[in-house]
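Below is one structure, written out as structure tokens; comments come after it.
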Amino acid sequence: MKKRNRKKLNDKVLLFPGLEKRLLEKGLESLQQKRFREAVDFLEEAMTLEQENSDIHIGLVLAYFESGQLTKAKELANTMLQKGIGDYIQIIDLYLMILVQLHQYDEIVKTIEILIEEKEIPEDKIEHFTRMLQFSKRMAESSPNIHTDDPTGDEPLDMKIDLFSIEDQHGQIQMASMLTNRNLKPYINEIKAYLESSEGQPFFKTMLLNVLIEHEYDKDVIVQKLGERIIVKPSNLQGAQHNSQMDKLLNIVAKQLEHEDPILFEHIKSLIERHLFILYPFQLKPFSEDVWGAAYHHLAAEYQGLNYSIKETALRYNVTEKEIGNAGAFLKKIEEISSLNY
């Protein structure tokens, strides 16, 4: 952000009412659109105006993190913990995520052990932190010389990871982030075994497949999810975020609801994005996109307690009630799975 464009009087910046809020909004918007350096500029300026705002702090930590400024992200998160800015456990999670990227596993172990000793961990988070502690201890013991601000070094070739033991979303995200920035050779057999297994979580399988795509892995990989099996070459895939079926579904539903009921449309959009991420690299089948669009419309309306008849929905999308019912039953199954991870 070019500060020279800001209005000045006698070399003093005129502070417009609500400026820090506007800078926060611009920063979060840039963050969402993956313009991370720009987000840093907006949020750093917002912080100069309001130094205790937790939303600004969290946004800036994430902007630092995503722009690769991991040391700054760590320092700011640590400052938040010291000053009590924001939700303590949420910031701890953020801080630990950064430490994983920095491969500072000894620091993770130390932090979690202090939390346990001081009984700071909520009951519903105990399992999550315990698993992270066990994982970090294994990593610290296996790679004692990797604790550095340069997260690009390679682990020993005999290093092992147990992907099946990582069952919570935070741990899965952190593992995928670590693998994205590491040499995959020590881990490729474990990743392929997880993807091929009839066990394991579909959400984590998508993340691991995305890791292989990021590394342009050019060998065949078997992926098994929800009773389906497929052989793919990750280097030929675009990733879960590039999904032609998602675009078609959103266009179909948008024509019906984007202006009539934007809130319902956003709910449907969220469902579609979650479900197709879970399914990737598979797609919704065997019905047409019109049927799936109608099924999402009816399901989201049901979740929101709206009085939509299945007959009315079928007429709007020019499909049959039976098709909506069958497609809807499958979507509810996917929603049960996705609710475990989101």
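353 is the number that my numbering gives the last residue of the sequence shown; the numbers go up by one with no jumps.
Note that CB positions come from ideal geometry on N, CA and C, so glycine has one too.
_Residue(s) in a DSSP beta bridge with R240_ = The partner list for R240 (beta bridge, DSSP) reads Q235.
*Could you check where the alpha helix (DSSP H) with T191 kicks off and where it finishes?*
Per DSSP, the continuous alpha helix (DSSP H) segment holding T191 begins and ends at 180–191.
*Straight-line CA distance for H309 to M58?*
Approximately 44 Å, taken between the alpha carbons.
*Can you tell me which of the three DSSP states N337 falls into?*
The DSSP-derived three-state label of N337 is helix.
_According to DSSP, is D272 part of a helix, a strand, or is it coil?_
The answer is coil: DSSP assigns D272 none of H, G, I, E or B.
*Do you know how far the Cα of E284 is from the Cα of S5?*
Beyond the ends of the chain as shown, which are 12 and 353, falls residue 5; an answer cannot be given.
*In its own chain, which residues sit with a C-beta less than 6 Å from the C-beta of H278, not counting the 5 before and 5 after it?*
Residues of the same chain with a CB within less than 6 Å of the CB of H278, apart from the 5 flanking positions on each side, are A311 in chain order.
*Nearest to E227 by CA position, among N192, N254, Q212, is which residue?*
Per the C-alpha coordinates, the member of N192, N254, Q212 positioned closest to E227 is N192.
*Give the DSSP-derived three-state secondary structure of G70 in the structure shown.*
Shown here, G70 sits in a helix according to DSSP, grouped into three states.
*Cβ-based burial, Q252 [other Cβ within 10 Å; buried from 16]*: Exposed.
*Starting from the C-beta of L261, find all residues in its chain whose C-beta is less than 8 Å away, skip the five residues before and the five after it, and write them out in chain order.*
Here L261 has K280, I283 as same chain residues with Cβ atoms under 8 Å from its own Cβ, once five neighbours each way along the sequence are excluded.
*State the start and end residues of the unbroken alpha helix (DSSP H) segment that holds K203.*
Taken as a continuous stretch (DSSP letters only), the alpha helix (DSSP H) holding K203 covers 199–207.
_Neighbour-count burial assignment, H114, 16 or more Cβ in a 10 Å radius_ = H114 counts as buried, since at least 16 other C-beta atoms from the protein chains shown sit within 10 angstroms of its C-beta.
*For K130, count neighbouring Cβ atoms within 10 angstroms of its own Cβ and tell me buried if that reaches 16, exposed if not.*
Here K130 is exposed. Its C-beta has fewer than 16 other C-beta atoms within 10 Å.
*Roughly how many whole angstroms lie between the Cα atoms of F293 and M189?*
Answer to the nearest angstrom: the Cα atoms are 25 Å apart.
*If I'm right that E31 touches E61 with Cβ under 8 Å, what's the distance once you round it to whole angstroms?*
That pair is a contact at about 4 Å.
*So is A204 buried or exposed if we call it buried at 16+ other beta carbons inside 10 Å?*
Exposed, because fewer than 16 other Cβ atoms sit within 10 Å of the Cβ of A204.
_Give me the residue from H181, G316, D66, F214 with the minimum Cα distance to H139._
In terms of Cα proximity to H139, the closest of H181, G316, D66, F214 is H181.
*Is the CB-CB distance between A50 and A74 below 9 Å?*
The answer is yes: Cβ separation under 9 Å.
*DSSP-derived helix/strand/coil call for Q212*: Looking at Q212 - three-state DSSP - the assignment turns out to be coil, as it is neither helix nor strand.
*What's the C-alpha gap between Q112 and V302?*
Cα-Cα distance, rounded: 42 Å.
*Assigned secondary structure, V330 (DSSP; H/G/I helix, E/B strand, else coil)*: Judged by DSSP in its simplified three-state form, V330 adopts coil rather than helix or strand.
*Go through its chain and collect everything with a Cβ distance to I184's Cβ below 8 Å, but skip five positions before and after it.*
Same-chain partners within the cutoff: M108, M218.
*Classify E347 as buried or exposed, calling it buried when 16 or more other Cβ atoms lie within 10 Å of its own Cβ.*
By the neighbour-count criterion, in which a residue is buried when 16 or more other Cβ atoms sit within 10 angstroms of its Cβ, E347 is exposed.
_Our contact map puts P197 next to L223 with C-beta atoms below 8 Å; I'd like the distance itself, whole angstroms only._
Here P197 is actually not in contact with L223; their C-beta atoms are around 14 Å apart, not less than 8 Å.
*Residue closest to R240, alpha-carbon to alpha-carbon, out of L268, D229, N221, L206*: Checking every option, the nearest Cα to that of R240 belongs to L206.
_Pairwise C-alpha distance: L326 and G304_ = Roughly 12 Å between the two C-alpha positions.
*Look up G304 in the DSSP assignment and say whether it is helix, strand or coil.*
Reduced to three states, the DSSP call for G304 is helix.
*State the CB to CB distance for the pair I177 and R142, rounded to an integer number of angstroms; the pair is presumed to be in contact (CB under 8 Å).*
Distance from I177 to R142 at the Cβ level is roughly 7 Å; contact confirmed, criterion being Cβ atoms closer than 8 Å.
*I263 versus L35: straight-line alpha-carbon distance, rounded*: Answer to the nearest angstrom: the Cα atoms are 33 Å apart.
_What would DSSP say about G38, mapped onto helix, strand or coil?_
In this structure, G38 counts as helix in the three-state DSSP scheme.
*Output the distance between the C-alpha atoms of F215 and Q145, rounded to the nearest integer angstrom.*
Taken atom to atom, the span from the alpha-carbon of F215 to that of Q145 is near 19 Å.
*Cα-Cα, which of T82, D272, L290 is closest to N221?*
Among T82, D272, L290, the Cα nearest to that of N221 is on L290.
*State the CB to CB distance for the pair L342 and Q315, rounded to an integer number of angstroms; the pair is presumed to be in contact (CB under 8 Å).*
Rounded, the Cβ-Cβ distance is 15 Å, inconsistent with contact.
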